[in-house]
Amino acid sequence: MKTATLTMARSINEGLRRAMEEDPKVLIMGEDVGKLGGVFRVTDGLQKDFGEDRVIDTPLAESGIIGTAIGMAIRGYRPVCEIQFDGFVFPAANQIITQLAKMPMRSLGALRLPVVVRVPCGGGIGAVEHHSESPESYFTHTAGLRVMACANPLDAYTMIQQAIRLDDPVIFFEPKRRYWEKAEIDLGMDLREAWPVDRAKVVREGTDVTVLAYGPMVKTVLDAAAAAEGEGRSLEVVDLRSLNPLDTETVFRSVRKTGRCVVAHEAPTYSGFGAELAARITEHCFYSLEAPVLRACGFSTPYPPSRLEEHYLPDLDRVLDAVDRSFGW
Amino acid sequence: MSVKTHRQAVQGLLPALTPVRFVTEDGSPVKESADYAEPSAELLREAYRRMVLGRRFDTQATMLTKQGRLAVYPSSRGQEACQIAGVLALREDDWLFPTYRDSTALVTRGVDPVEVLTLLRGDWHCGYDPAATRTAPQCTPLATQLPHASGLAHALRSRGGDAVVMAFVGDGGTSEGDFHEALNFAAVFKAPVVFFVQNNKYAISVPLARQTAAPALAYKGVGYGVRSEQVDGNDLVAVLSVLTAAVEHARTGHGPFLVEAHTYRMDPHTNADDAGRYRDDAEVERWQGADPLARLETYLRGRDLLTDEDVASAREAAEAFAADLRTRMNLDPELDPLELFDHVYAEPTPQLREQRQMLAAELQAEKG
Numbered sequence: 004m005k006t007a008t009l010t011m012a013r014s015i016n017e018g019l020r021r022a023m024e025e026d027p028k029v030l031i032m033g034e035d036v037g038k039l040g041g042v043f044r045v046t047d048g049l050q051k052d053f054g055e056d057r058v059i060d061t062p063l064a065e066s067g068i069i070g071t072a073i074g075m076a077i078r079g080y081r082p083v084c085e086i087q088f089d090g091f092v093f094p095a096a097n098q099i100i101t102q103l104a105k106m107p108m109r110s111l112g113a114l115r116l117p118v119v120v121r122v123p124c125g126g127g128i129g130a131v132e133h134h135s136e137s138p139e140s141y142f143t144h145t146a147g148l149r150v151m152a153c154a155n156p157l158d159a160y161t162m163i164q165q166a167i168r169l170d171d172p173v174i175f176f177e178p179k180r181r182y183w184e185k186a187e188i189d190l191g192m193d194l195r196e197a198w199p200v201d202r203a204k205v206v207r208e209g210t211d212v213t214v215l216a217y218g219p220m221v222k223t224v225l226d227a228a229a230a231a232e233g234e235g236r237s238l239e240v241v242d243l244r245s246l247n248p249l250d251t252e253t254v255f256r257s258v259r260k261t262g263r264c265v266v267a268h269e270a271p272t273y274s275g276f277g278a279e280l281a282a283r284i285t286e287h288c289f290y291s292l293e294a295p296v297l298r299a300c301g302f303s304t305p306y307p308p309s310r311l312e313e314h315y316l317p318d319l320d321r322v323l324d325a326v327d328r329s330f331g332w
Numbered sequence: 079m080s081v082k083t084h085r086q087a088v089q090g091l092l093p094a095l096t097p098v099r100f101v102t103e104d105g106s107p108v109k110e111s112a113d114y115a116e117p118s119a120e121l122l123r124e125a126y127r128r129m130v131l132g133r134r135f136d137t138q139a140t141m142l143t144k145q146g147r148l149a150v151y152p153s154s155r156g157q158e159a160c161q162i163a164g165v166l167a168l169r170e171d172d173w174l175f176p177t178y179r180d181s182t183a184l185v186t187r188g189v190d191p192v193e194v195l196t197l198l199r200g201d202w203h204c205g206y207d208p209a210a211t212r213t214a215p216q217c218t219p220l221a222t223q224l225p226h227a228s229g230l231a232h233a234l235r236s237r238g239g240d241a242v243v244m245a246f247v248g249d250g251g252t253s254e255g256d257f258h259e260a261l262n263f264a265a266v267f268k269a270p271v272v273f274f275v276q277n278n279k280y281a282i283s284v285p286l287a288r289q290t291a292a293p294a295l296a297y298k299g300v301g302y303g304v305r306s307e308q309v310d311g312n313d314l315v316a317v318l319s320v321l322t323a324a325v326e327h328a329r330t331g332h333g334p335f336l337v338e339a340h341t342y343r344m345d346p347h348t349n350a351d352d353a354g355r356y357r358d359d360a361e362v363e364r365w366q367g368a369d370p371l372a373r374l375e376t377y378l379r380g381r382d383l384l385t386d387e388d389v390a391s392a393r394e395a396a397e398a399f400a401a402d403l404r405t406r407m408n409l410d411p412e413l414d415p416l417e418l419f420d421h422v423y424a425e426p427t428p429q430l431r432e433q434r435q436m437l438a439a440e441l442q443a444e445k446g
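Going line by line, the protein sequences match chains A and B.
Residue 4 is where the first sequence starts when you use our numbering, and the numbers rise one by one after that.
Residue 79 is where the second sequence starts when you use our numbering, and the numbers rise one by one after that.
Laid out in structure tokens, this is it:
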């Protein structure tokens, strides 16, 4: 065992390093990913060890990064693209949606595009505008993309490696306010023993209400569950990990057990991923539900400036309030 | 950098002040473009045969839309010098990134014409295997194929080979952001890609003057540090000679090359378009006089490189090709709607499997 206590950012770094060591076709592309190591230092030291041909500082152009990565993937590379901040993924949206997602299908599977697009996501770091977005629903709505979000350092370490090995394009969300959370990681672990990449995980067992979360909200919800326990309420917390495909089996099993469900995400409530979850749960767990599926999510406003973000972000109280409301039926 | 070396650097990128031309509109040779070598007689004769075939393919495809066999067809009639030269300049192991208007180029590349027309016929996939043919799917969102070309070219070079990439784009496509990003990436990476702009004067209805204020689209390359050239796009000899030089430039490690061909789309944007709303017949007639096929034929006959027999045999081959295409296109394609779900992911997701079952049940119910 080669264990180390690492932050989430460092865990992703180690995951990238291992993927690059194991497969010479794995490349990193993005803005400032080389010498600087990325603005969050996720690619720190990789250019020094793997060279400028494998850790590529690109011109400042997100569409060009994804488009070029598609071309390199056609020739057999497995590019890992870094989008510097969530709000800057939109210039690349055309390439991601019309090309990256669809080319495998348009070519009858002759062209597989194993491109990973890493997106630091979400708020809570006191940033300026366009640095705190949660754009996952745009991508879960697009056929052909896998969408996943890591919530803790161990998952970050394993999921990034699993994402790179997949033959599908992956939008990989990294909760930036959790980059500095630490955990002990076994760097030598056999990836085959890691939690399967498209399975959700029950991260806290409970009996009264299921709370579904992913990415940055998993920790918030776990804190809420700890607080609720003091008030005699038992929350079961499910970390979805993969949004597309979605592990409905784990979700339904939990909801059928507890009979109540709250969905928590930072993204705006309206047309958010929670709506998909609520619809599916209502359809498949209708007779087990004691209350409607409720949402504890962000507001449907533009993400506010840093002095107001604490009022925007769903926090422990908003989650517990939704839990309380679900007992009002 | 001294003023002198700076000036040399800029001049080394600049296109000719007027489009490179080897053959005048009436088919006689001009000798004003000594910078480029004229293609061999044998290659020109081959190009002629391909042009006759390409023209016939294109008119046949337009007819197939009128018969309801194709959902839509964007014709490249009048642009055959570009369509044929763009392919003949390439080796088999080079890559081609076409747009939706480049079906004739694909046929010239050797892709089965029924496969070429698959998407336009209303099917959901591109029809051919891009990896086997080294020809990317015909691209509909304008200019999005260009960054792919830059990336693939960079990858080819990284893997140590000397294959190159040819990326087609239209005049409208040069206004897209991806045109800029692709040229810039290719220049910075020194990627072996030739960007070939077929300036056919209209983006559907919008004339070139509304796309750009540049003296010519070829000048756009200079700002990126990309060697650029402009050529008479209806003069096959010129297009082929310039593209051959451009491909050689890329192949020998000198980075990307931008070529603008001045040509004209004789037909409407597609069969669904009414070109009479934005251009007058007199303009179309003027361009009729610059027809690339007639020009090449006159030129080759003038040089005793083409006989009546050659012409007859090229036309016969084209008719046989068109007849075979008609026969095969008149058979209704057998589509399996359930195939829709097969290639969205490497393995269908549970959510897709669920929807596949739903469609299967609907199909079963339709059968009764």
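Ideal Cβ positions, reconstructed from N, Cα and C, are used throughout, including at glycine.
The Cβ of T145 (chain A) sits no closer than 8 Å to any Cβ of chain B. Against Q50 (chain A), chain B offers no close residue; the least beta-carbon distance is about 15 Å (beta-carbon pairs closer than 8 Å). When 8 Å is used as the limit between beta carbons, N97 (chain A) is near these residues of chain B: P219, T222, D256, in chain order. Secondary structure within the stretch 56-110 of chain A: the beta strand (DSSP E) runs of 3 or more consecutive residues, fully enclosed, are 58-60, 81-85 (chain order). Closer than 8 Å to the CB of I167 (chain A) there is not a single CB belonging to chain B. Within chain B, the residues Y423, A424, E425 have their CB atoms less than 9 Å from the CB of D170 (chain A), given in chain order. At a cut-off of 8 Å between beta carbons, G156 (chain B) makes no contact with chain A.
Going by DSSP, M32 (chain A) is part of the beta strand (DSSP E) stretching over 29-33.
Here the alpha carbon of R256 (chain A) sits roughly 34 Å from the alpha carbon of R115 (chain A). The C-beta of M79 (chain B) has fewer than 16 other C-beta atoms within 10 Å across all chains shown, which makes the residue exposed. Less than 8 Å separates the beta-carbon of Y178 (chain B) from that of P152 (chain B).
Using a CB distance below 9 Å, the part of the stretch 189-200 of chain B facing chain A consists of L197, ordered along the chain. Within the stretch 262-329 of chain A, the complete alpha helix (DSSP H) segments at least 4 residues long are 276-287, 312-315, 319-329, listed from N- to C-terminus.
Proximity of L9 (chain A) to chain B, defined by a Cβ-Cβ separation below 8 Å, is not satisfied. Excluding its 5 nearest sequence neighbours in each direction, L292 (chain A) has C-beta neighbours in its own chain below 8 Å: V258, G262, R263, C264, I284, T285, listed in chain order.
Contacts with chain A at 8 Å (Cβ-Cβ) include Q429 (chain B). Residue burial is scored here from C-beta neighbours: P178 (chain A) has at least 16 other C-beta atoms within 10 angstroms and is therefore classed as buried.
Proximity of A183 (chain B) to chain A, defined by a Cβ-Cβ separation below 8 Å, is not satisfied. The beta-carbon of D56 (chain A) is placed less than 8 Å from the nearest beta-carbon of chain B. By the neighbour-count criterion, in which 16 or more other beta carbons inside 10 Å mark a residue as buried, M407 (chain B) falls on the buried side.
The beta carbon of E132 (chain A) sits closer than 7 Å to those of P308, all from its chain and outside the five residues before and after it, given in chain order. Inclusion of T8 (chain A) and E187 (chain A) in the CB contact set at 8 Å is warranted, their separation being smaller than that value. Around G229 (chain B), the beta-carbon contacts reaching into chain A at under 7 Å are G70, T71, A72, I73, G74, M75.
Between the stretch 419-436 of chain B and the stretch 161-170 of chain B, the count of Cβ pairs shorter than 8 Å is below three; the stretches do not touch. In this structure A104 (chain A) does not touch T161 (chain A) by the C-beta definition: roughly 24 Å separates them, more than the 8 Å allowed.
Between the C-alpha atoms of D193 (chain A) and R149 (chain A) there is a straight-line separation of about 23 Å. Taking 8 Å as the upper bound on Cβ-Cβ separation, chain B lies near residues T101, Q102, M106, P107, M108, R109, S110, L111, G112, A113 of the stretch 100-113 of chain A.
Counting only Cβ-Cβ distances below 8 Å, A233 (chain B) has contacts in chain A at G74, M75, I77, R78, G79, Y80, in chain order. In the three-state DSSP reduction, I15 (chain A) falls in the helix class (H, G or I).
Taking a Cβ-Cβ cut-off of 8 Å, the neighbours of G67 (chain A) in chain B comprise P225, S228, D256, E259, A260, N262, F263, given in sequence order. Chain A places a beta carbon closer than 8 Å to that of P215 (chain B), counting this residue as a contact. At the C-beta level, Q216 (chain B) and L249 (chain A) stay beyond 8 Å of one another. Linking A159 (chain A) to I15 (chain A) through their CA atoms gives a straight-line distance of about 6 Å. Beta-carbon to beta-carbon, W173 (chain B) and V247 (chain B) are separated by about 15 Å, too far to satisfy the 8 Å threshold. Here the alpha carbon of A270 (chain A) sits roughly 15 Å from the alpha carbon of I128 (chain A).
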